[in-house]
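Colleague:
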Amino acid sequence: MISTLVIFSSCASRDKEVKEIYGKSVEMDSILRANPVLAMENRMKADELIEEYMAFAEKYPEDSLSPEFMFKSAMIYHITTEFKKELETLDKLVKTFPKSELAPQALATAARVSEGDMNDIEKSKSYLIQLRDKYPESVYSVNIDMQIEYAGDAEGLLNAIMAKKGVNLDEVLDAADSTDAMKK
Numbered sequence: 002m003i004s005t006l007v008i009f010s011s012c013a014s015r016d017k018e019v020k021e022i023y024g025k026s027v028e029m030d031s032i033l034r035a036n037p038v039l040a041m042e043n044r045m046k047a048d049e050l051i052e053e054y055m056a057f058a059e060k061y062p063e064d065s066l067s068p069e070f071m072f073k074s075a076m077i078y079h080i081t082t083e084f085k086k087e088l089e090t091l092d093k094l095v096k097t098f099p100k101s102e103l104a105p106q107a108l109a110t111a112a113r114v115s116e117g118d119m120n121d122i123e124k125s126k127s128y129l130i131q132l133r134d135k136y137p138e139s140v141y142s143v144n145i146d147m148q149i150e151y152a153g154d155a156e157g158l159l160n161a162i163m164a165k166k167g168v169n170l171d172e173v174l175d176a177a178d179s180t181d182a183m184k185k
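In the working numbering, the protein residues as written are 2 to 185.
1. Note down the Cα distance separating M29 from E63, rounded to an integer number of angstroms.
2. Using a Cβ-Cβ cut-off of 8 Å (strictly less than) and excluding sequence neighbours within five positions of L6, which residues of its own chain qualify?
3. Out of curiosity, what's the CA-to-CA distance linking D92 and E52?
4. Give every residue of the same chain whose Cβ lies closer than 6 Å to the Cβ of M119, excluding the five residues on either side of it in the sequence, and list them in chain order.
5. Given a threshold of 16 other Cβ atoms within 10 Å of its Cβ, counted over all protein chains shown, does E116 qualify as buried or as exposed?
6. If you follow the alpha helix (DSSP H) that L50 is in, where does it begin and where does it stop?
7. At what residues does the alpha helix (DSSP H) containing V1 begin and finish?
8. State the DSSP-derived secondary structure class of M147, mapped to helix, strand or coil.
9. CB Y141 to CB P105, shorter than 8 Å?
10. What do you reckon, are the CB atoms on V174 and Q148 nearer than 8 Å?
11. Alpha carbon to alpha carbon, what distance is there between T82 and F57?
12. Please report the distance separating the alpha-carbon of P68 from that of K165.
13. From V19 to T97, what distance separates their C-alpha atoms?
14. Nearest to A75 by alpha carbon, out of L66, E89, D146?
15. I'd like to check one pair, L33 with I80: are the Cβ atoms closer than 8 Å?
16. Which residue wins for smallest C-alpha separation from S26, given the options I162, K73, G153, Y136?
17. What number of angstroms, rounded off, separates the C-alpha of D16 from the C-alpha of E138?
18. What three-state label does DSSP hand A13 in the structure shown?
19. Give me, in chain order, the residues of the same chain whose beta-carbon lies closer than 7 Å to that of D171; leave out the 5 immediate sequence neighbours on both sides.
20. Would you call A152 buried or exposed, if buried means 16 or more other Cβ atoms sit within 10 Å of its Cβ?
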């Protein structure tokens, strides 16, 4: 009887935490829709939400929401341009929840942030190599060897992918600009 009461109490506590987190998450979403640059007060709210997301993930490591909350924390760090913390959070997600559907996405995101926001091509390649080695069947691993080879060169990557598929960018653009394409 006591163990049933403890389990029920624990579930009620978790549900209350989730409801509170979702409420703050909805508030943050509407703040970000109104103004993507956070004022100090709203930045503090973002930090509080991250703390709650991470505390939940730590308290309930077996919960399916935990990796999602960690990923959302990383996205908030991205919005606040705290890229180092974003990468730390994505790394922790992959380490803590390697079987999560979000783990390969976390590595792909970390590669993009490393390359595009931090201009660290070697770190980006490192994430891409992890993605290739750990999650070769992931949708994020499509053309992974080319992504590694052309890290830092988006145009080179596009040209290599198109060449692999036998597509010429000039032909594609010419066809799109033709009068026949305009009639359709």
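Built from N, CA and C at the ideal position, the CB exists for glycine as well.
Modeller: So, to answer that:
1. 26 Å
2. Model confidence at L6 stands at a pLDDT of 39, short of 50, so the residue's coordinates are unreliable; what they give is reported in the following sentence. Here the set comprises nothing.
3. 17 Å
4. F84
5. buried
6. 41-60
7. An answer regarding residue 1 cannot be provided, because it is not within the stretch 2 to 185 covered by the chain.
8. helix
9. yes
10. At residue 174 the sequence reads Leu, which differs from the Val that was named. No, Cβ-Cβ distance for L174 and Q148 is not below 8 Å.
11. 23 Å
12. 35 Å
13. 20 Å
14. E89
15. yes
16. K73
17. 34 Å
18. helix
19. none
20. buried
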